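I have placed the structure first, in the form of structure tokens, so that the comments after it can refer back to it.
Chains as they are written, first to last, in the working numbering: chain S, 84 to 326; chain X, -19 to 263.
What follows is the structure in structure tokens.
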């Protein structure tokens, strides 16, 4: 029943959507990370005038579906064309690509904020006290102690978030972007062979996310050298060192 | 029984329970039918404020089911998933303004057409295509007449962005004829390309004339009009029919008889004028 020639053909068509999928994911994850870092640091700093708007943003974007956010930025804001034109923003909102980037970025930014805020809070207080005792300024403590440790702590959950974003790009098919999922839908409607097409599409997402997990894994490995036993010490005999 | 066989038994039972073959009839005479529709293609099929499917096709289906003395219910499904869903038995009949085409006939059967409605463009009233004054109905089977008109339209649509519903014959038509001069965007539903036309992201939309008329009647679209000729036959096949699985021959025969009767006694004409504001009764 499964036709391998057709699957190969479907695979070739679907691969053409990969660059757009990766572009959407990479751009929104990196912009989202920037938002998340700034917001998390502001929350950690804890000034009321800063925390309220950030909390509101995070609550709004974590509490509503990404699909709704994409619909809202594209079709919703599309209805304010005269106002957006007056602000000179219509060139941005006219393009489905930029609407998708905006929605994806704000979404991942909200989740990222919470991930990094949590990580900043889990940095052992003793480390910060030690840094202060050495006379480091607030900014230096951030740069040398808080952020490096927090990013290491945040990495596993941030990896999750990146994977979710790679998959989240599939929702942009509803605003006419021809990424992997919308090509899959095109193929299904042309051929009525849903199984082969979606197996291929699934395999492509799996492959992309496999690469993402490997990259996150290797960064995690490099950042946790201090948690592993040094290789030459492992070989020492028990109770040795008599000389 | 060890763990593995237990697991295998559970999996087998679960799979066996998946209801691939629907409802209250074997292959003799059906007593009920589930009708799948898109529910987003006003005025053919759409949903009222309460989410209930209404429109020309819903009224027609209710009339046909009354004639066949069977119980009918409706299920909503995105247009691009209708044929796959029919094939796996999620419903028994498609009534979703679907054109009868050779490609679709390879996988499912269609009843005789219950409507024939030309397709065309809607554009801004001040655009070149609207000012060109092209009108009438063109038979796409007759390339000698339609070819020059399409070439003329190509020049008028050069560099424009055209919105079309995905997985439709409209998309195939626009791709075949205008892909080399215009940008084509694909939408899940016609409502979405309507919104983008009003927002100014699109220069033109291509759809059935009756749905365009319903859209353009709304106040937001006062600056837009239907333009160019209406197209029939060719890629649009033999008109609009109800899709039925190939093996359900008894159901197909019943629908054909009922549609014939509804055409003969003027029911289709009456419903079509009521909902679509024009007579789409097939000859």
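The beta carbon of each residue, even a glycine, is placed where N, CA and C say it ideally should be. For clarity, every value in this text was computed on a predicted model and none was experimentally measured.
Annotation: residue 122 of chain S is outside any beta strand (DSSP E); the continuous alpha helix (DSSP H) that includes it extends over 101 to 128. Contacts between residue 257 of chain S and chain X, judged by CB atoms closer than 9 Å, involve 167, 168 and 172 in chain order. Shown here, residue 221 of chain X sits in coil according to DSSP, grouped into three states, outside any helix or strand. For residue 126 of chain X, the uninterrupted alpha helix (DSSP H) run begins and ends at 123 to 136, by DSSP. Taking 7 Å as the cut-off, the Cβ atoms of residue 199 of chain S and residue 117 of chain S do not count as close. A Cβ-Cβ separation of about 20 Å leaves residue 117 of chain X out of contact with residue 221 of chain X under the 8 Å criterion. One alpha carbon belongs to residue 240 of chain X, the other to residue 205 of chain X, and they sit about 34 Å apart. In the structure shown, the three-state DSSP call for residue 262 of chain S is coil. Between the alpha carbons of residue 99 of chain X and residue 150 of chain X lies a distance of about 8 Å.
Contact with chain X is absent for residue 180 of chain S, since none of that chain's Cβ atoms lies less than 7 Å from the residue's Cβ. Residue pairing of residue 144 of chain X in beta bridges, as defined by DSSP: X/166.
Exclusion of the five residues before and after residue 96 of chain S leaves 266 and 270 as the residues of its chain whose Cβ lies within less than 7 Å of its Cβ. Under DSSP, residue 33 of chain X takes part in a beta bridge, and its partners are X/27.
Boundaries of the alpha helix (DSSP H) harbouring residue 94 of chain S: 87 to 98, taken from the DSSP string.
Chain order gives the chain S residues near residue 181 of chain X as 161 and 177, where near means a beta carbon separation below 7 Å. Out of X/130, X/96 and X/163, the CA that lies nearest to the CA of residue 252 of chain X is found in X/96.
DSSP places residue 204 of chain X in the strand class (E or B) of the three-state scheme. Counting other Cβ atoms within 10 Å of its Cβ, residue -14 of chain X stays below 16 and is therefore classed as exposed. Under the criterion of beta carbons closer than 8 Å, residue 67 of chain X and residue 225 of chain X qualify as touching, at roughly 7 Å. Annotation for residue 229 of chain S: no beta strand (DSSP E) segment contains it, and DSSP assigns it neither H nor E. By the Cβ neighbour-count rule, residue 9 of chain X is exposed, with fewer than 16 other Cβ atoms within 10 Å of its own. Interface annotation, residue 183 of chain S: not in contact with chain X, CB-CB separation never under 7 Å.
At a Cβ-Cβ threshold of 7 Å, residue 263 of chain S and residue 290 of chain S do not count as neighbours. At least one CB atom of chain X sits nearer than 7 Å to the CB of residue 275 of chain S. Within the same chain, and ignoring the five residues on either side of residue 245 of chain S in sequence, the residues whose Cβ sits closer than 6 Å to its Cβ are 112 and 295.
Taken in chain order, the members of the segment 138 to 164 of chain S whose beta-carbon sits within less than 7 Å of a beta-carbon on chain X are 158, 161, 162 and 164. Beta-carbon to beta-carbon, residue 252 of chain S and residue 107 of chain S are separated by about 4 Å, close enough to satisfy the 8 Å threshold.
Under the Cβ criterion (8 Å, minimum of three pairs), the segment 169 to 185 of chain X does not count as touching the segment 74 to 84 of chain X. Closest option to residue 190 of chain S, judged by alpha-carbon separation, among S/136, S/274 and S/147: S/147. Residue 117 of chain X is bridged by DSSP to X/210.
For residue 182 of chain S, the uninterrupted alpha helix (DSSP H) segment begins and ends at 179 to 205. If you draw a straight line from the Cα of residue 101 of chain X to the Cα of residue 247 of chain X, it comes to about 29 Å. Judged by DSSP in its simplified three-state form, residue 15 of chain X adopts strand.
Taking the beta carbon of residue 268 of chain S as reference, the chain X residues within 8 Å of it are 60, 146 and 147, listed in sequence order. Using a Cβ-Cβ cut-off of 7 Å, residue 87 of chain X counts as an interface residue toward chain S, since at least one Cβ of chain S sits closer than that to its own. Under the criterion of beta carbons closer than 8 Å, residue 237 of chain S and residue 202 of chain S qualify as touching, at roughly 4 Å.
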